[in-house]
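Only one structure is covered here, and it is reproduced in the block below.
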Ligand SMILES: Cc1cc2nc3c(=O)[nH]c(=O)nc-3n(C[C@H](O)[C@H](O)[C@H](O)COP(=O)(O)OP(=O)(O)OC[C@H]3O[C@@H](n4cnc5c(N)ncnc54)[C@H](O)[C@@H]3O)c2cc1C
């Protein structure tokens, strides 16, 4: 234990990780009167929640359960901005998914129909209408899908706001402390041991993001979550240039439609923050836990976006960063109880959607811990689905 004295402790629940997911779980638990202890090995938002965009985008979600979960989460953001205070920079300017080829248009037509069937209000508009709404777009954009519900938030501020509201309601947050092992007694999680102490708890939540597989191994579980790097360019603060949150149709395609993704190239996403900086993302790479940005990555993003929004070539880029999405093989998070290990709860694997899904994830996980079940079925998000399907 090095120079640290061993201080045994106990908590009603231990949450591993103070990213947006662990913070939201802690907030929702504390609101229910269950006082969690959040253990974070670095600082809050030191992982992917502090190295990402802040899109609360609905159009990028797979029609069906994924989109339904995102819609539920989106609804909650309306109230969260009041509950958590005004500092989370939540706004809903609406969003567009930009279409640049006939093949994309064809796929997006089908996609929109499916999204509508899943309850999303979304329209297909032509290129001219897209430019009327978003004048900075070039004529490379031949059409777009549009939804008024698409929104954005400051992910860093959101994580800290969840945590301070959780603390105000009785949660504790320990930073610079690493969970090193999960204690299991007769098939039941009994707590954790950390770089500083042993903590007994009847409930342990794995909210370790891209590192959730490592935490799983501590409990003898195989969890198929892997880091998927995304690089982002940040411009200097600029006068309002983007009126909406924007992503490319290719981005949606790359996530869900292998046919379209096969054409090569990369998707992009764009948002202008309250302070005027424009975030331009992002690559999707499997390079282990390497968060660095690369010359190739940065150049490919800049080259990709310049013909679509030529005005961006006149805005200086002041910084770049990389983050690690917690990827899962089927693009859905892993949520809820784990077979054979009572008291161990998964809340990880949100890949490129963790900010958008944070509100509903925290609420459902807290309800599951408190009541044993949730109104929104978590069946499709079980860890066991991978072992059953062989994914
Ligand atoms: C480039 C990029 C763009 C993105 N854009 C968007 C977007 O626009 N919208 C959206 O919704 N999502 C987006 N995402 C995805 C989003 O960032 C993630 O889904 C989300 O941040 C995951 O949150 P998390 O809390 O699960 O993980 P993290 O934020 O990574 O938090 C996990 C925490 O656990 C801690 N931890 C790990 N192991 C231990 C241990 N053993 N002991 C103690 N602590 C531990 C880590 O230090 C970390 O702080 C993007 C991601 C990237 C990389």
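Numbering (our numbering), first residue to last: 1 to 391. By construction, the Cβ of each residue, glycine as well, lies at the ideal position given by its N, Cα and C atoms. Since the structure is predicted, the reported quantities are computational estimates derived from the model, not experimental observations.
Here's the rule I'm using: 16 or more other beta-carbon atoms within 10 Å means buried, otherwise exposed. How should residue 13 be labelled?
For the purposes of this step, residue 13 is taken as the residue at position 13 of the chain shown. Flag for residue 13 reads buried.
Determine the DSSP secondary structure at residue 383, reduced to helix, strand or coil.
Locating residue 383 in the chain shown gives position 383, counting from the first residue. Coil.
Which residue or residues does DSSP assign as beta-bridge partners of residue 226?
Indexing the chain shown from 1 puts residue 226 at position 226. Its beta-bridge partners are 327.
Could you check the C-alpha separation between residue 109 and residue 124 for me, to the nearest Å?
Numbered from 1 along the chain shown, position 109 holds the residue referred to as residue 109. Numbered from 1 along the chain shown, position 124 holds the residue referred to as residue 124. Cα to Cα, residue 109 sits roughly 7 Å from residue 124.
Could you check the C-alpha separation between residue 4 and residue 196 for me, to the nearest Å?
Residue 4 sits at position 4 when you count from the first residue of the chain shown. Residue 196 sits at position 196 when you count from the first residue of the chain shown. Residue placement at residue 4 is poorly supported in this model, since its pLDDT is 49, which falls under 50; the coordinates are not used for a value here.
Under 8 Å from any heavy atom of ligand 1, does the C-beta of residue 83 make it?
For the purposes of this step, residue 83 is taken as residue 83 along the chain shown, with counting starting at 1. Not a single heavy atom of ligand 1 lies less than 8 Å from the C-beta of residue 83.
Give the range of the alpha helix (DSSP H) segment to which residue 160 is assigned.
By one-based count along the chain shown, residue 160 stands at place 160. Run containing residue 160: 155-168, per the alpha helix (DSSP H) assignment.
Going by CA-CA distance only, name the one from 73, 308, 241, 118 that's closest to residue 142.
Start at 1 with the first residue of the chain shown, and residue 142 comes out as number 142. Residue 142 has its Cα closest to that of 308, out of 73, 308, 241, 118.
Give a yes or no on whether the C-beta atoms belonging to residue 335 and residue 365 are separated by under 9 Å.
As a working mapping, residue 335 is identified with position 335 in the chain shown. As a working mapping, residue 365 is identified with position 365 in the chain shown. Yes, they are a contact pair.
Output needed for residue 172: all residues of its chain with C-beta closer than 6 Å, excluding positions within five of it in sequence on either side, in chain order.
Numbered from its first residue, the chain shown carries residue 172 at position 172. Around residue 172: 37.
Output the boundary residues of the beta strand (DSSP E) element that contains residue 175.
Indexing the chain shown from 1 puts residue 175 at position 175. Residue 175 -> beta strand (DSSP E) spans 172-175.
Just checking residue 66 against ligand 1 - is the residue's beta carbon closer than 8 Å to any of the ligand's heavy atoms?
Translated into the one-based positions of the chain shown, residue 66 becomes position 66. False, no ligand heavy atom lies under 8 Å from that Cβ.
Using a threshold of 8 Å, is the CB atom of residue 42 nearer than that to any non-hydrogen atom of ligand 1?
Position 42 of the chain shown, counted from the first residue, corresponds to residue 42. Within the cutoff, so yes.
Which of helix, strand or coil DSSP assigns to residue 354
Residue mapping note: residue 354 aligns to position 354 of the chain shown, counting from 1. The answer is helix: DSSP assigns residue 354 an H, G or I state.
Run the CB neighbour count on residue 340, radius 10 Å, all protein chains shown included, and call it buried at 16 or more, exposed below.
Stepping through the chain shown from its first residue, residue 340 is reached at position 340. By the neighbour-count rule (16 or more Cβ atoms within 10 Å), residue 340 is not buried but exposed.
Taking residue 322 and residue 70 to be in contact with their CB atoms under 8 Å, please state how far apart those CB atoms are, rounded to whole angstroms.
On the chain shown, residue 322 is found 322 positions in, with the first residue counted as 1. On the chain shown, residue 70 is found 70 positions in, with the first residue counted as 1. At roughly 25 Å, the Cβ-Cβ gap does not stay under 8 Å, so residue 322 and residue 70 are not in contact.
What is the DSSP secondary structure of residue 238, reduced to helix, strand or coil?
Here residue 238 refers to the residue found at position 238 of the chain shown. Coil at residue 238, not helix or strand.
Roughly how many whole angstroms lie between the Cα atoms of residue 107 and residue 388?
Mapped onto the chain shown, residue 107 falls at position 107. Mapped onto the chain shown, residue 388 falls at position 388. Cα to Cα, the separation comes out at about 30 Å.
Taking 8 Å as the cut-off, does the CB of residue 48 come closer than this to any heavy atom belonging to ligand 1?
Indexing the chain shown from 1 puts residue 48 at position 48. Yes, the Cβ of residue 48 comes within 8 Å of a heavy atom of ligand 1.
Roughly how far, in whole angstroms, is the beta-carbon of residue 333 from the beta-carbon of residue 348, given that I think they are within contact range, below 8 Å?
The count along the chain shown starts at 1 and reaches residue 333 at position 333. The count along the chain shown starts at 1 and reaches residue 348 at position 348. So it is a contact: roughly 7 Å between Cβ atoms.
Since residue 206 sits in a beta bridge, which residues does DSSP pair it with?
Translated into the one-based positions of the chain shown, residue 206 becomes position 206. Its beta-bridge partners are 16, 346.
Since residue 224 contacts residue 386 with CB under 8 Å, what's their CB separation in whole angstroms?
Taking the first residue of the chain shown as 1, we reach residue 224 at position 224. Taking the first residue of the chain shown as 1, we reach residue 386 at position 386. Yes, residue 224 and residue 386 are in contact; Cβ-Cβ is about 5 Å, under 8 Å.
Under a three-way DSSP split, which group does residue 266 fall into?
Within the chain shown, residue 266 is the residue found at index 266, counting from 1. Reduced to three states, the DSSP call for residue 266 is coil.
Might you give, ordered along the chain, the residues of its own chain that have their beta carbon closer than 7 Å to the beta carbon of residue 371, omitting 5 neighbours on each side?
For the purposes of this step, residue 371 is taken as the residue at position 371 of the chain shown. Excluding sequence positions up to five before and after residue 371, its CB lies less than 7 Å from no other CB in the same chain.
For residue 276, which residues from the same chain have a beta carbon less than 6 Å from its beta carbon, with the 5 sequence-adjacent residues on both sides left out?
If you number the chain shown from 1, residue 276 lands on position 276. Excluding sequence neighbours, residue 276 sits near 237, 238.
Delimiting residues of the alpha helix (DSSP H) encompassing residue 180
On the chain shown, residue 180 is found 180 positions in, with the first residue counted as 1. Careful: residue 180 lies outside any alpha helix (DSSP H), inside the beta strand (DSSP E) at 179-185.
If distances are taken between C-alpha atoms only, which option among 211, 16, 217, 27 comes closest to residue 367?
Along the chain shown, one-based indexing puts residue 367 at 367. It is 27 whose Cα lies nearest to the Cα of residue 367.
Just grab the DSSP bridge partners of residue 337 for me.
Translated into positions along the chain shown, residue 337 becomes position 337. The partner list for residue 337 (beta bridge, DSSP) reads 345.
Per the DSSP calculation, residue 293 is bridged to which residue(s)?
Translated into the one-based positions of the chain shown, residue 293 becomes position 293. DSSP output for residue 293 lists no bridge partner at all.
Of the choices 200, 286, 43, whose alpha-carbon is the least far from that of residue 343?
The sequence position of residue 343 within the chain shown is 343, counting from 1. Checked all of 200, 286, 43; the closest Cα to residue 343 is 200.
Boundaries of the alpha helix (DSSP H) in which residue 127 is found, first to last residue:
By one-based count along the chain shown, residue 127 stands at place 127. Per DSSP, residue 127 belongs to the alpha helix (DSSP H) from 127-133.
Inspect the beta-carbon positions of residue 158 and residue 90 and report whether they are closer than 9 Å.
The residue given as residue 158 occupies position 158 in the chain shown. The residue given as residue 90 occupies position 90 in the chain shown. Closer than 9 Å, so yes.
Assuming the contact rule is C-beta atoms closer than 8 Å, residue 399 and residue 278 should be a hit. Round their C-beta distance to whole Å, please.
No statement about residue 399 is possible, as the shown extent of the chain runs from 1 to 391 and does not include it.
So the candidates are 286, 63, 82; which of them puts its Cα closest to the Cα of residue 119?
As a working mapping, residue 119 is identified with position 119 in the chain shown. The shortest Cα separation from residue 119 among 286, 63, 82 belongs to 63.
For the beta strand (DSSP E) containing residue 75, list its first residue and its last residue.
Start at 1 with the first residue of the chain shown, and residue 75 comes out as number 75. Careful: residue 75 lies outside any beta strand (DSSP E), inside the alpha helix (DSSP H) at 65-83.
In the DSSP assignment, find the beta strand (DSSP E) that holds residue 221 and state where it starts and stops.
As a first step, residue 221 must be located in the chain shown, where it is residue number 221. No beta strand (DSSP E) contains residue 221, which DSSP labels as neither H nor E.
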